[in-house]
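Chains V and G, in that order, are what the protein sequence lines are.
Mapped onto my numbering, the consecutive letters of the first sequence carry residue numbers 1 to 138.
Mapped onto my numbering, the consecutive letters of the second sequence carry residue numbers 139 to 197.
Every residue, glycine too, gets a C-beta built ideally from N, C-alpha and C.
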Amino acid sequence: MAANGFTGRVDDIDFLIPDDVDNDLRVLTALRQLDGLLFRDNAPLEDQHLLGQAHLRVVTAAGLIDVLRDGPLPLDFDTVKRKAIAAEYDDVRFLVAGLASVVGFKRLAGRVRDEHELAGLAEVHGELPIEPIPGLDT
Amino acid sequence: MLEPGHEETWRRLDEEKRKALTPLPGTPGSDLLKRGQHLSTEVAKLLRAVERASGHHRT
């Protein structure tokens, strides 16, 4: 949200990951380097907490992180990556979900606060890009 | 979970997160301010990084 110009609410970080075991293991390594512990009971992270899972919530030195397995088009990893915003600081390059993907995530969630944030994004960007989501729009 | 049909799971996760991120009653104002400033700093760093990468600068 912040990277797309709406800074009204920032309280955690969401990582979108593809269905890729090798990548899962790298994500786990990174989370452990951030002193990551399982949110629900502060247990050390085990591989099975992410491998084959759709979601992992971790408390880290950088704050609360939700790791989310990608979904069907257009919220699959490749599509979100292709539309992502590139950024870099502290010599680290990273990708942030672009506007169309953020709008998709917010529309799917559909909570009151998501509607508020979509309205906030529309104030910044004008008409928002709407990509049909299977099961939601079709 | 990024598809329709997981609303109840998301509701539970949202509630869990809301509780975790809500400051405890009695948290000193100075601590709340420090937390807000930290988040603002992180957001500003992210925005600057995105703008540097895109060549677009906010005025």
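Closest in alpha carbon position to residue 129 of chain V, among V:76, V:26 and V:83, is V:83. Within the same chain, 118, 121, 128, 129, 130 and 131 come within 8 Å of residue 103 of chain V by CB-CB distance, once the 5 residues on both sides are set aside. Residues of chain G with a Cβ closer than 7 Å to the Cβ of residue 65 of chain V do not exist, since the nearest Cβ in that chain sits about 11 Å away. Residues of the same chain with a CB within less than 7 Å of the CB of residue 100 of chain V, apart from the 5 flanking positions on each side, are 83, 129 and 131 in chain order. Cα atoms of residue 34 of chain V and residue 92 of chain V: separation of roughly 15 Å, rounded to the nearest angstrom.
Here residue 17 of chain V is not near residue 57 of chain V, since their CB atoms are 9 Å or more apart. C-alpha of residue 32 of chain V to C-alpha of residue 89 of chain V: approximately 21 Å in a straight line. In terms of Cα proximity to residue 181 of chain G, the closest of V:3, V:26, V:77 and V:94 is V:3. Not one beta carbon of chain V lies nearer than 9 Å to the beta carbon of residue 165 of chain G.
One alpha carbon belongs to residue 186 of chain G, the other to residue 26 of chain V, and they sit about 27 Å apart.
Residue contact check for residue 183 of chain G against chain V: a CB pair falls below 9 Å. Only residues of its own chain outside the window of five on either side were considered, and among them 66, 67, 68 and 69 have a CB closer than 8 Å to the CB of residue 55 of chain V, listed in chain order. Secondary structure note for residue 158 of chain G: it is in no beta strand (DSSP E), and the uninterrupted alpha helix (DSSP H) holding it is 145-159. Taken through DSSP and simplified to helix, strand or coil, residue 165 of chain G comes out as coil. Judged by DSSP secondary structure, residue 120 of chain V falls within the alpha helix (DSSP H) whose first and last residues are 112-125.
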